[in-house]
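So the number in our numbering is just where the residue sits in the sequence shown, counting from 1, plus 243. Ideal placement from N, C-alpha and C gives every residue a C-beta, glycine not left out. Okay, structure first, notes after.
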Amino acid sequence: MKIFTYIAIAIALGLIVFNILQIDFSNPFEGDSTIAIIGVIAGICAILLLLLLRFSKIIVDKTNE
(Lines of atoms letter the chains of each structure in order from A and count residues from 1; the text may use other names and numbers.)
(Lines give C-alpha, C1' and ligand atoms only; values in the text may rest on other atoms or scores of the structure.)
Protein backbone atom coordinates (compact mmCIF):
# COMPACT_ATOMS: atom_id res chain seq x y z
CA MET A 1 0.00 0.00 0.00
CA LYS A 2 2.92 2.30 0.75
CA ILE A 3 4.38 1.97 -2.73
CA PHE A 4 0.96 2.44 -4.34
CA THR A 5 0.37 5.74 -2.54
CA TYR A 6 3.79 7.06 -3.52
CA ILE A 7 3.26 6.12 -7.17
CA ALA A 8 -0.24 7.64 -7.20
CA ILE A 9 1.06 10.87 -5.63
CA ALA A 10 3.80 11.06 -8.27
CA ILE A 11 1.23 10.59 -11.05
CA ALA A 12 -1.02 13.26 -9.52
CA LEU A 13 1.92 15.68 -9.31
CA GLY A 14 2.71 15.01 -12.96
CA LEU A 15 -0.88 15.73 -13.95
CA ILE A 16 -0.86 18.94 -11.92
CA VAL A 17 2.29 20.14 -13.69
CA PHE A 18 0.87 19.19 -17.08
CA ASN A 19 -2.39 21.04 -16.41
CA ILE A 20 -0.61 24.13 -15.11
CA LEU A 21 1.29 24.28 -18.40
CA GLN A 22 -2.02 24.12 -20.31
CA ILE A 23 -3.53 27.17 -18.56
CA ASP A 24 -3.67 30.38 -20.61
CA PHE A 25 -3.02 32.95 -17.90
CA SER A 26 -4.35 35.84 -19.99
CA ASN A 27 -7.81 34.18 -20.11
CA PRO A 28 -7.81 31.53 -17.37
CA PHE A 29 -11.59 30.95 -17.34
CA GLU A 30 -12.18 30.47 -21.07
CA GLY A 31 -11.89 27.38 -23.25
CA ASP A 32 -9.38 24.68 -22.37
CA SER A 33 -7.97 26.73 -19.49
CA THR A 34 -11.09 26.00 -17.44
CA ILE A 35 -10.57 22.27 -17.94
CA ALA A 36 -6.91 22.63 -16.95
CA ILE A 37 -7.87 24.50 -13.75
CA ILE A 38 -10.34 21.73 -12.89
CA GLY A 39 -7.57 19.20 -13.52
CA VAL A 40 -5.21 21.03 -11.14
CA ILE A 41 -7.87 21.13 -8.43
CA ALA A 42 -8.65 17.44 -8.96
CA GLY A 43 -4.95 16.57 -8.69
CA ILE A 44 -4.64 18.46 -5.43
CA CYS A 45 -7.71 16.67 -4.07
CA ALA A 46 -6.25 13.31 -5.11
CA ILE A 47 -3.00 14.06 -3.29
CA LEU A 48 -4.87 15.11 -0.15
CA LEU A 49 -6.97 11.94 -0.20
CA LEU A 50 -3.91 9.74 -0.68
CA LEU A 51 -2.13 11.44 2.20
CA LEU A 52 -5.22 10.97 4.35
CA LEU A 53 -5.24 7.26 3.44
CA ARG A 54 -1.55 6.99 4.28
CA PHE A 55 -1.95 8.67 7.68
CA SER A 56 -5.00 6.58 8.52
CA LYS A 57 -3.05 3.39 7.80
CA ILE A 58 -0.27 4.63 10.10
CA ILE A 59 -2.80 5.28 12.86
CA VAL A 60 -4.40 1.85 12.43
CA ASP A 61 -0.99 0.16 12.60
CA LYS A 62 -0.09 2.03 15.79
CA THR A 63 -3.39 1.26 17.50
CA ASN A 64 -3.07 -2.45 16.70
CA GLU A 65 0.33 -2.71 18.42
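Quiz item: For Tyr249, which of Ser269, Asp275, Ser276 and Arg297 has the nearest alpha-carbon?
Solution: Nearest of Ser269, Asp275, Ser276 and Arg297 to Tyr249, Cα basis: Arg297.
Quiz prompt | Asp267, DSSP secondary structure in three states | solution = DSSP places Asp267 in coil when its eight states are reduced to three.
Quiz item: Under 8 Å between the Cβ atoms of Ile252 and Leu293?
Solution: Closer than 8 Å, so yes.
Quiz prompt | Exposure of Asn270, with buried meaning 16 or more beta-carbon neighbours within 10 Å | solution = It counts as exposed.
Exercise. Determine, using beta-carbon pairs with one atom in the stretch 300 to 308 and one in the stretch 257 to 268, whether at least three such pairs fall under 8 Å.
Key: The stretch 300 to 308, when compared against the stretch 257 to 268, does not touch it at the 8 Å Cβ threshold.
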